[in-house]
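Structure first, commentary second.
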Amino acid sequence: MKNYDFVFGLGRACACTQSLRSAGLQLLSLPWDWITYQLTPQGPDLLLRVDVIASGFAGWFEEEDLKFVRKNPESGKDLYINKRTKIIYPHDFTPDIPLHEAYPAIKAKYDRRVKRFLQLLSEAKSSILAVYMDTPTHPAADVETCREAQRRLQTLYPRVKVDFLMFSLEQGRPFEKRIVEDLGDGFTRVAFDFKDYASGKPDHAVRLGECAAVLKSLASVREYRTRREIKAKNKVTREAKMREACVNNEWEYFLYRRRREFDRIREFLFPRILMAKLRRKKFDHVLSLGMNCEPAFRFSLSWGFVDSTPFAWASCGKPANLADALRHPEHIGCEGFSWHAKSAMWVCNRTGIAFHGKLMANSQPADLSPEVLEKDKAELVQRLAYLNEKLTRILSDDSSKALIYRVHTKVAKEEGASEMIDDVQSALEDRGARNYKLIVVTERAARRRIAPAPNRIVRSVYAFNPGSSVVKPKLGDPAGWKALFTEFSPSKILPKKHPFKFEME
């Protein structure tokens with residue numbers, strides 16, 4: 320492994336910088352990070368990038384050269400192209416803000432990155448490393464083109480040794496049998512199939528973890544950030560963690576972290592999962608009745624599949640609405656569905672229950688034409704009809720069933736909460752339920768507010784995930800849900816039929 324003064328990427332699009340960041344080799348944002356080139360008849364754009372560096376980025380980002388292309392469905396931003404340089408900017412321009420208003424701030428951002436990039440190159444004392452990786456869907460530069468890029472960079476910066484690392488895509492070659500060859504004069508070629516073939520991934524996706532592992536094994540970089548830059552980065556990281564924890568200020572975040580530490584100590588002293596194993600019960604079916612997607616999500620994390628019901632990927636805060644839908648499945652959709660754009664869900668006009676269709680939560684308005692929405696709704700109606708028939712059949716047969724029902728804490732604390740759950744349980748039995756256990760899950764703050772009853776067991780977790788972050792695995796009480804689905808576990812592991820939406824969004 321060689322230690323460098325500076326490591327930077329020259330690859331197309333985002334995969335190169337993402338791999339470098341994951342490997343700890345890129346510590347600050349640089350000009351080439353999130354942009355790409357329009358394909359040219361001449362082939363790969365590697366030497367065009369080097370030419371821009373050689374010019375000192377002179378005139379590379381002028382307002383009069385920028386042209387709107389379309390909305391970018393991946394980033395949700397407006398996509399612009401530089402008519403002169405053919406550079407494409409997919410992540411910078413906010414929709415519906417005119418170019419002349421957006422340009423000054425974006426120009427200032429790129430000016431900072433260019434200044435930083437050129438300064439780090441000029442301040443390097445012994446060696447720098449340029450890394451080239453192209454996306455799987457675009458023609459990559461060959462070895463000789465990469466050598467020419469290395470030669471040009473060496474001419475620009477003769478005071479230091481310029482090394483070059485080239486990623487070559489070799490289809491079918493696994494990571495374990497990758498080629499790492501030293502071609503002399505600081506030029507290294509790494510070859511394997513780094514395309515990400517996972518279901519739902521775009522064709523240009525790269526297996527970033529494997530690329531980062533290669534980089535980390537070959538290079539390290541000195542700490543080139545200033546104290547101010549390190550402090551600013553730490554602040555950004557902390558703010559991101561605070562948002563993930565759904566806290567509003569430093570004090571709340573301090574308390575959140577202390578609670579997490581206390582929970583870890585308590586888990587060590589009184590392991591819930593061990594207790595859950597001691598009282599484990601296996602069921603032919605473990606089914607979610609909501610109130611939202613968290614029970615199904617947590618079950619999928621524990622067992623890798625979900626035995627779906629109409630309510631597994633739905634939101635129903637009121638037990639009375641669930642009871643009505645259980646007694647009268649024909650009420651679901653009988654008065655149609657309305658599209659709720661903010662949650663990207665279909666709301667049943669009769670029951671008030673919201674259901675997920677196939678559309679992604681990050682779908683842009685431009686992608687939601689009337690035809691697309693109508694197709695998504697039709698698929699939902701067909702799926703709900705099948706799942707309702709399936710639920711009726713399972714409830715009424717001889718199989719053993721654990722029915723998981725997460726109750727909103729506000730509901731659990733209301734007067735008559737137990738009676739509300741009685742109504743849900745009565746509705747299940749009106750639907751024909753037998754040989755079942757209704758597992759009511761509350762937050763610890765509402766523990767003992769709902770009474771157990773025949774065929775009803777009450778369990779609690781320390782905290783539910785916030786409604787806006789239901790499918791964040793580290794929030795809420797991961798260990799509590801793990802213990803729950805250890806105690807109430809499936810007797811048979813079913814195959815996973817398709818990727819879940821939360822894995823693709």
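Numbering follows this note's numbering, with no gaps: position 114 of the sequence shown is 433.
C-beta atoms are modelled at their ideal positions from N, C-alpha and C, and glycine is treated no differently.
Own chain residues within Cβ distance below 6 angstroms of residue i, not counting five before or after
i: Pro614; result: Ser607, Ile723, Arg725
i: Arg432; result: Ser348, Leu349, Pro350
i: Tyr781; result: Arg763, Asp796, Gly799
i: Ile354; result: Ile406, Tyr408
i: Ser737; result: Ile769, Ala770
Span separating the alpha-carbon of residue i from that of residue j
i: Phe380; j: Glu420; result: 15 angstroms
i: Val700; j: Ala765; result: 35 angstroms
i: Leu611; j: His675; result: In the sequence on display, residue 611 carries Asn and not Leu. Approximately 10 angstroms between the Cα atoms of the pair.
i: Lys756; j: Arg775; result: 6 angstroms
i: Asp453; j: Ala673; result: 42 angstroms
i: Lys791; j: Trp622; result: 17 angstroms
i: Thr474; j: Ser446; result: 14 angstroms
i: Pro455; j: Gln337; result: 15 angstroms
i: Arg768; j: Cys635; result: 20 angstroms
i: Gly652; j: Glu698; result: 13 angstroms
i: Ala660; j: Tyr516; result: 31 angstroms
i: Val743; j: Ala752; result: 11 angstroms
i: Ala424; j: Asn568; result: 28 angstroms
i: Leu385; j: Tyr399; result: 6 angstroms
Nearest residue (CA-CA) to residue i, options the options
i: Ala802; options: Ile740, Val666, Ile592, Gly676; result: Ile592
i: Val760; options: Thr728, Val743, Ser787; result: Thr728
i: Gly503; options: Gln337, Pro477, Arg466; result: Arg466
i: Asn707; options: Ala660, Ala644, Lys405, Leu346; result: Ala644
i: Asp741; options: Tyr323, Leu641, Gly671, Phe573; result: Leu641
i: Thr507; options: Trp665, Lys402, Lys321, Leu597; result: Lys321
i: Pro648; options: Phe412, Cys530, Leu703; result: Leu703
i: Leu358; options: Glu382, Ser341, Asn401; result: Asn401
i: Gly671; options: His650, Pro689, Leu710, Met594; result: His650
i: Leu747; options: Ala731, Thr711, Asp717; result: Thr711
i: Ala538; options: Val789, Ala342, Met739; result: Ala342
i: Leu437; options: Ala377, Lys386, His659, Asn391; result: Ala377
i: Glu383; options: Leu484, Thr404, Tyr516, Pro392; result: Thr404
i: Pro363; options: Ala633, Asp397, Pro458, Val743; result: Pro458
i: Phe325; options: Ile584, Glu542, Leu472; result: Glu542
i: Arg435; options: Gly751, Glu548, Lys390; result: Glu548
For residue i, the three-state DSSP class (helix, strand or coil)
i: Ala559; result: helix
i: Leu606; result: strand
i: Thr545; result: coil
i: Leu440; result: helix
i: Leu757; result: strand
i: Val371; result: helix
i: Ser627; result: coil
i: Met823; result: Bear in mind that a pLDDT of 48 at Met823, under 50, signals an unreliable position, so the number given afterwards is only what the model happens to contain. Correct three-state label for Met823: helix.
i: Tyr572; result: helix
i: Lys720; result: strand
i: Ser634; result: strand
i: Phe674; result: strand
i: Asp364; result: coil
Same chain only: Cβ atoms within 7 angstroms of residue i, ignoring 5 sequence neighbours per side
i: Arg599; result: Thr805, Glu806, Ser808
i: Ser810; result: Lys601, Phe602, Asp603
i: Arg778; result: Ile758, Val760, Leu803
i: Asn668; result: Glu654, Gly655, Phe656, Ser657
i: Tyr572; result: Met561, Ala564, Val566
i: Glu529; result: Phe494, Phe513
i: Asp582; result: Tyr781
i: Arg750; result: Leu645, Arg646, Thr711, Leu714
DSSP beta-bridge partners of residue i
i: Thr355; result: Ile407
i: Glu762; result: Val780
i: His659; result: Met664
i: Ile447; result: Phe325, Val481
i: Ala772; result: Arg775
i: Ala510; result: Ser487, Ile498
i: His809; result: Correcting the residue identity first, residue 809 is Pro in this sequence and not His. Pro809 is bridged to Phe602.
i: Phe412; result: Asp397
i: Ser539; result: Asn322
i: Phe387; result: Tyr399
i: Arg725; result: Val760
i: Val525; result: Lys514
Contact set for residue i: own chain, Cβ-Cβ below 8 angstroms, skip 5 residues either direction
i: Leu329; result: Cys335, Trp351, Leu365, Arg368, Val369, Ala449, Val450, Tyr451, Ala468
i: Ala721; result: Lys600, Phe602, His604, Val605, Leu606, Tyr755, Lys756, Ile758, Phe807
i: Asp501; result: Thr507
i: Ser787; result: Cys565
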